[in-house]
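Enquirer: Going by the working numbering, the first residue of the sequence shown is number 100, and it counts up by one from there.
Cβ coordinates follow ideal geometry from the N, Cα and C atoms, glycine included.
On a predicted model such as this, the values are computed, not experimentally measured, just so you know.
Take a look at the following structure, please.
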Amino acid sequence: MKHCVLVVTAAIAILGCHPSRGGSASSGPMSVSHAVVPASPSPTDASAFMLIDNRGSSPDSLTGVSSPDAELVMLHQTTEQGMDMVDGVAIPAGGRVLLAPGGYHLMLQGLTHRAAVGDTITVRLQFAQAEDVVVRAPVLRYTEAVEELPSH
């Protein structure tokens, strides 16, 4: 029996069951998890990805973003033509929005320091109704950052 437990435990470890390395925070009904910043070759710009959950009974919208680590933070959406800045993202009651490559994401410009692996970037998310959520996103290698995100 001990041997079976050991084998099952080893199998779970091999399959990649590991705790999230992404940043997380919540305020009221809004919860942010899996927040990551991929290391950027640019000394002044980077992107940020995360999962936003609305655990409330009313819809809300992400309407603004800021960071003490960047002069400007914008909400972008990837389109066939490239990237477009958007004013907000609707988050349905009891729903979630994933900010990830190929979709909505945050663009940080004018970083106060290069987004290097091991650093942390602080981001403040502002919502139309809910209180702001401040999350600390670790800077990871690009592949690790993408692997940190949940699948749709």
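So is histidine 212 buried or exposed if we call it buried at 16+ other beta carbons inside 10 Å?
Expert: To locate residue 212, count along the sequence shown from 1; it is residue 113. Label assigned to histidine 212: exposed.
Enquirer: Quick check: the stretch 235-250 against the stretch 155-164, are at least 3 beta-carbon pairs closer than 8 Å?
Expert: These segments do not touch.
Enquirer: Should the stretch 133-147 be called in touch with the stretch 196-214, which here means at least 3 C-beta pairs below 8 Å?
Expert: yes
Enquirer: State the DSSP-derived secondary structure class of alanine 244, mapped to helix, strand or coil.
Expert: Numbered from its first residue, the sequence shown carries residue 244 at position 145. Of the three classes helix, strand and coil, the one that applies to alanine 244 here is helix, per DSSP.
Enquirer: Tell me whether leucine 171 is buried or exposed, calling it buried when 16 or more other Cβ atoms sit within 10 Å of its Cβ.
Expert: Here residue 171 refers to the residue found at position 72 when the sequence shown is read from its first residue. With fewer than 16 Cβ atoms within 10 Å of its Cβ, leucine 171 is classed as exposed.
Enquirer: Starting from histidine 212 and walking both ways along the beta strand (DSSP E), at which residues does that stretch end?
Expert: The sequence position of residue 212 within the sequence shown is 113, counting from 1. That residue, histidine 212, is in no beta strand (DSSP E); it is neither H nor E in DSSP.
Enquirer: So, are the CB atoms of glycine 202 and asparagine 153 less than 8 Å apart?
Expert: The residue labelled residue 202 in the question sits at position 103 within the sequence shown. The residue labelled residue 153 in the question sits at position 54 within the sequence shown. No, Cβ-Cβ distance for glycine 202 and asparagine 153 is not below 8 Å.
Enquirer: Can you tell me whether serine 156 is helix, strand or coil according to DSSP?
Expert: In the sequence shown, residue 156 corresponds to position 57, counting from 1. In the three-state DSSP reduction, serine 156 falls in the coil class, being neither helix nor strand.
Enquirer: Just curious, the beta strand (DSSP E) that glycine 122 is in, first and last residue?
Expert: Walking along the sequence shown from the start, residue 122 turns up at place 23. Here the beta strand (DSSP E) through glycine 122 covers 122-126.
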